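Peer 1: Residue numbers (mature numbering (1 follows the signal peptide of the UniProt record, and there is no 0)): -21 to -1, 1 to 177. All residues carry an ideal CB built from backbone N, CA and C; glycine is no exception. Quick caveat, the model's predicted, so the values are computed rather than measured. My questions all concern the structure below.
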């Protein structure tokens, strides 16, 4: 009887861990104290511990391709998107905006052309150049807050990936890390391709 209970408990735990679906993380990868990884046929998960919290990251299946006149990008099938303007998208999960894709001009005459594209009330926590992409690429981890006059002291962590094309146009992919972790953000960024003629 004891063996049966142990076997059923293990089976229940296995079912729970493999059916979690998309789990999000809001931890900062620079503060990791430890990590545990496991692999199965459908996903890769990482457990990270930072400052006493445990976050799970499951590799998202990017099975929905969005094509605009300027680019294509892949996202999970369970997400939706709203085209705000030509080629500008808000990305949503359960009808909540979790990120977006913008196209902006590159201002050569500004001291920091890429960081100048960030929204107001944003503090850069980390910035690094990325390799292996179709053009010059920069990743920024930022914290955004509401203006002091609003009285709202909440902050949100975001990751931005900027593709600088010919020092003229910047393609910007960004996500709130409350809903998606860095690894999955980079996988979405890797799926980003310019349309021919762009």
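What's the gap between the Cα of residue 97 and the Cα of residue 146?
Peer 2: Within the chain shown, residue 97 is the residue found at index 118, counting from 1. Within the chain shown, residue 146 is the residue found at index 167, counting from 1. Distance from the CA of residue 97 to the CA of residue 146, rounded to the nearest whole angstrom, comes to 17 Å.
Peer 1: Can you tell me where the beta strand (DSSP E) with residue 146 in it begins and where it stops?
Peer 2: Numbered from 1 along the chain shown, position 167 holds the residue referred to as residue 146. Run containing residue 146: none; DSSP gives neither H nor E here.
Peer 1: Work out the CA separation of residue 131 and residue 37 for me, nearest whole Å.
Peer 2: To locate residue 37, count along the chain shown from 1; it is residue 58. To locate residue 131, count along the chain shown from 1; it is residue 152. If I take the Cα positions, the gap works out to 32 Å.
Peer 1: Look at the Cβ atom of residue 153, then the Cβ atom of residue 79, and state whether they are nearer than 8 Å.
Peer 2: In the chain shown, counting from the first residue as 1, residue 153 sits at position 174. In the chain shown, counting from the first residue as 1, residue 79 sits at position 100. Contact flag set, yes.
Peer 1: Buried or exposed: which applies to residue 160, given that a residue is buried once 16 or more other Cβ atoms fall within 10 Å of its Cβ?
Peer 2: By one-based count along the chain shown, residue 160 stands at place 181. With 16 or more other Cβ atoms from the protein chains shown falling within 10 Å of its own Cβ, residue 160 counts as buried.
Peer 1: To the nearest angstrom, how far is the alpha carbon of residue 137 from that of residue 125?
Peer 2: Looking up residue 137 in the chain shown gives position 158. Looking up residue 125 in the chain shown gives position 146. Roughly 14 Å between the two C-alpha positions.
Peer 1: As a quick exercise: from 167, 156, 175, pick the residue whose alpha carbon is nearest that of residue 76.
Peer 2: Numbered from 1 along the chain shown, position 97 holds the residue referred to as residue 76. Among 167, 156, 175, the Cα nearest to that of residue 76 is on 156.
Peer 1: Buried or exposed: which applies to residue 168, given that a residue is buried once 16 or more other Cβ atoms fall within 10 Å of its Cβ?
Peer 2: Within the chain shown, residue 168 is the residue found at index 189, counting from 1. A residue is called buried once 16 or more other Cβ atoms fall within 10 Å of its Cβ, and residue 168 is buried on that count.
Peer 1: With a cut-off of 8 Å, do at least 3 Cβ pairs link the region 101 to 120 to the region 57 to 76?
Peer 2: no
Peer 1: Taking residue 101 as the reference, which of 48, 82, 84, 135 has the closest Cα?
Peer 2: Sequence index remark: in the chain shown, residue 101 carries index 122 (1-based). For the residues 48, 82, 84, 135, the minimum Cα distance to residue 101 belongs to 135.
Peer 1: If you count every other CB in all the chains shown that lies within 10 Å of the CB of residue 113, and 16 or more means buried, which is it?
Peer 2: Taking the chain shown and counting its residues from 1, one reaches residue 113 at position 134. Result: exposed.
Peer 1: In the structure shown, what three-state DSSP assignment does residue 169 receive?
Peer 2: In the chain shown, residue 169 corresponds to position 190, counting from 1. If DSSP states are grouped into helix, strand and coil, residue 169 belongs with the helices.
Peer 1: Name the two residues that bound the continuous beta strand (DSSP E) containing residue 116.
Peer 2: On the chain shown, residue 116 is found 137 positions in, with the first residue counted as 1. 115 to 124 is the span of the beta strand (DSSP E), which, as asked, contains residue 116.
Peer 1: Going by other Cβ atoms of all chains shown within 10 Å of its Cβ, with 16 needed for buried, is residue 179 buried or exposed?
Peer 2: Nothing can be reported for residue 179, as the shown portion of the chain is limited to -21 through 177.
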